[in-house]
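The next block holds one structure in the form of structure tokens; read it before the comments.
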Amino acid sequence: MHLEKNFIKIQTFLLLLGLGLSLFYASHQVLTGDQTQMLYKGYMAAYKGIWINYGNAASAVGNVPGSMLTYVVALSVMFFDSPWSPMLLLIFLHLVSYFLLDAVIKDIFKADIRLVFLIIYWLNPWFLFENILYNPSYLFFFSALHFWSAYKQREQSSFWYSFLQMLSIGLAMQFHYSWIILSIISLYLVYRKIVQVNWFGVAFGVVVVSVSLVPYLQAVIQNSTITKHADDTGRYIGWGGIHVYPVLKSFIYWLRYNSFFFPNKLIMSAHFDWIGSTHMVQLIFIYLYKALVVTIGAITLYFSYKANRLLYDRLKGRFFMRKASSSKEEWLLLYVFGAILGVFISSILSPIIFNYWHLIIIFPFAIMPFLIYFKSYSRNYLQKFVFFTVSYFLLINIMGAIDSGKYDIKVNYVDDVNAYVSKSVTSSK
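Residue numbering for the sequence shown follows this note's numbering, beginning at 864 and increasing consecutively.
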């Protein structure tokens, strides 16, 4: 009861902490081709009225379809001319994603598990490491919108919720090819009869998404190379299934998202040269830091496995029964299984071996089995879990923002963007 009374205060504090970390990350991001592709498209539209109606170059399969990557930068810059504008929009979408997910979590669990979710989602380095101007970083919002709209259709159909679910898939498609996972989840939910679909809402969503793709289709007609990768590897749809390892690696990422075994770009790139000491001292810090994060990561992988084993035990024999779920928790686990199915099918179809950012769209779903697993331990271990996890996440996030593969304390995001725009956009004819 004490936690119930004080949840809003605790939630507000942790949300503000996460927002502070988000801004800290964003301000020290290292500009690479991932960001400059978006910056170029957005600033060319905002400054020169030249709208580039296709997305970032993707691995092996050409540019992402659609104009949304141009819009999210261009419209925010047109609203307020600052390099911070598109980043603040991204951080705002991250915040909305939390509230959409929490709206479902609070209907299924009590305040203790809501608090656990708040921490392992909002403060998680897997999540905060994506406060970077990069197309996969936007996917959390579409994942959350899909999850929330699906839950709203658990017991009754709705034109608008069906429309929003279709929109979440169609707009995610314009940010990253992993949108296919959301579509597989939807198909599974319909097959499993645990959502009540309004087909008029679905049809309206298809129409809206199709209309938004018209400028992209016109661009493809004028330049067919948009749909092709510059370095054709000769791979094909279904390559992942033939070679097996891509599928296995994808399942490993599923387990890692639910653990503290964070991306190599976050934990393995630290060099500690900012401490200003001798090379030997830097090496000592490097090895101690890596030993710490690898050890804790390996331990938490075990709990990730246990949580997913609980999912299997709870649903055994009912994965493909065409019958409504008996409880809200079961519905949640079935949705998560749909996400696992999506990972499996998409990794079979993929022409490449996935890296963590290729599957980041399923991160919100991968952490959910732990909520049910931890529920039986909450009474005895909640305070210890909160104290340790918040402290550890704070350490990793600060390190990630100042000394990792994507961020550097010596970098100033605003200065770098202004320099890039001056050189590549305003000076171009």
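All C-beta atoms in this analysis are idealised placements derived from N, C-alpha and C, irrespective of residue type, glycine included.
Alpha carbon of residue i to alpha carbon of residue j, nearest angstrom
{"i": "W1023", "j": "G1064", "result": "6 Å"}
{"i": "I1293", "j": "T875", "result": "Residue 1293 is absent from the structure shown; the chain starts at 864 and stops at 1292."}
{"i": "W1306", "j": "V1053", "result": "Because the chain here runs from 864 to 1292, residue 1306 falls outside it and cannot be looked at."}
{"i": "G1068", "j": "L1222", "result": "24 Å"}
{"i": "A1187", "j": "G1263", "result": "43 Å"}
{"i": "P1109", "j": "S1290", "result": "43 Å"}
{"i": "A889", "j": "L1178", "result": "40 Å"}
{"i": "F1010", "j": "A921", "result": "25 Å"}
{"i": "L986", "j": "S1087", "result": "42 Å"}
{"i": "L1155", "j": "I1147", "result": "12 Å"}
{"i": "V936", "j": "M901", "result": "7 Å"}
{"i": "A1161", "j": "K1153", "result": "12 Å"}
{"i": "E1193", "j": "I1084", "result": "47 Å"}
{"i": "R1242", "j": "F1251", "result": "16 Å"}
{"i": "D1271", "j": "S930", "result": "30 Å"}
{"i": "R1185", "j": "Q1028", "result": "21 Å"}
{"i": "I1303", "j": "I954", "result": "Here the chain covers residues 864 to 1292 and nothing more, so residue 1303 does not appear."}
{"i": "D944", "j": "L866", "result": "43 Å"}
{"i": "L952", "j": "V979", "result": "26 Å"}
{"i": "L1173", "j": "Y1165", "result": "12 Å"}
{"i": "V967", "j": "A1133", "result": "37 Å"}
{"i": "S1285", "j": "N1275", "result": "16 Å"}
Three-state secondary structure (DSSP) of residue i
{"i": "G925", "result": "strand"}
{"i": "Y1270", "result": "strand"}
{"i": "Y1168", "result": "helix"}
{"i": "Q892", "result": "strand"}
{"i": "L1076", "result": "coil"}
{"i": "E1191", "result": "The sequence given here has Lys at residue 1191, not Glu. The answer is helix: DSSP assigns K1191 an H, G or I state."}
{"i": "I1265", "result": "helix"}
{"i": "L878", "result": "helix"}
{"i": "A1282", "result": "helix"}
{"i": "D944", "result": "coil"}
{"i": "M907", "result": "helix"}
{"i": "W1137", "result": "helix"}
{"i": "R851", "result": "Nothing about residue 851 can be reported from this structure: the residues present for the chain run from 864 to 1292 only."}
Assumed close pair residue i, residue j - CB separation to whole angstroms, cut-off 8 Å
{"i": "I1048", "j": "L1197", "result": "Incorrect: roughly 10 Å between the Cβ atoms, too far for contact."}
{"i": "G1201", "j": "I1225", "result": "About 10 Å; that fails the 8 Å criterion."}
{"i": "P946", "j": "N1281", "result": "6 Å"}
{"i": "W914", "j": "T933", "result": "6 Å"}
{"i": "I982", "j": "V1199", "result": "Not really, about 19 Å apart at Cβ, beyond 8 Å."}
{"i": "D1279", "j": "L894", "result": "5 Å"}
Spatial neighbours of residue i in its chain, beta-carbon cut-off 7 Å, leaving aside the 5 residues before and after
{"i": "N1260", "result": "L884, P988 and L991"}
{"i": "V1060", "result": "Q1016, S1020, S1025 and V1053"}
{"i": "T1163", "result": "S1122, F1123 and F1124"}
{"i": "V1288", "result": "Y903, Y906, M907 and Y910"}
{"i": "Y1219", "result": "Y1116 and P1126"}
{"i": "L1195", "result": "I971 and M1231"}
Residues near residue i in its chain [Cβ-Cβ closer than 6 Å; skip 5 each side]
{"i": "Y917", "result": "N926, Y1079, A1082 and I1089"}
{"i": "T1245", "result": "Note on residue identity: the sequence assigns Leu, not Thr, to residue 1245. Cβ within range, chain order: D975."}
Residues sharing a beta bridge with residue i, DSSP
{"i": "Q1016", "result": "For Q1016, which the question treats as bridged, DSSP gives no partner whatsoever."}
{"i": "A828", "result": "Examination of residue 828 is not possible in this model, given that the chain is present from 864 through 1292 alone."}
Cutoff 8 Å; reference residue i; Cβ partners in own chain excluding five residues on either side
{"i": "K1091", "result": "G925"}
{"i": "K1169", "result": "Y1236"}
{"i": "A1066", "result": "none"}
{"i": "F1005", "result": "S1031, I1032, L1034, A1035, F1038, W1042, L1045 and I1224"}
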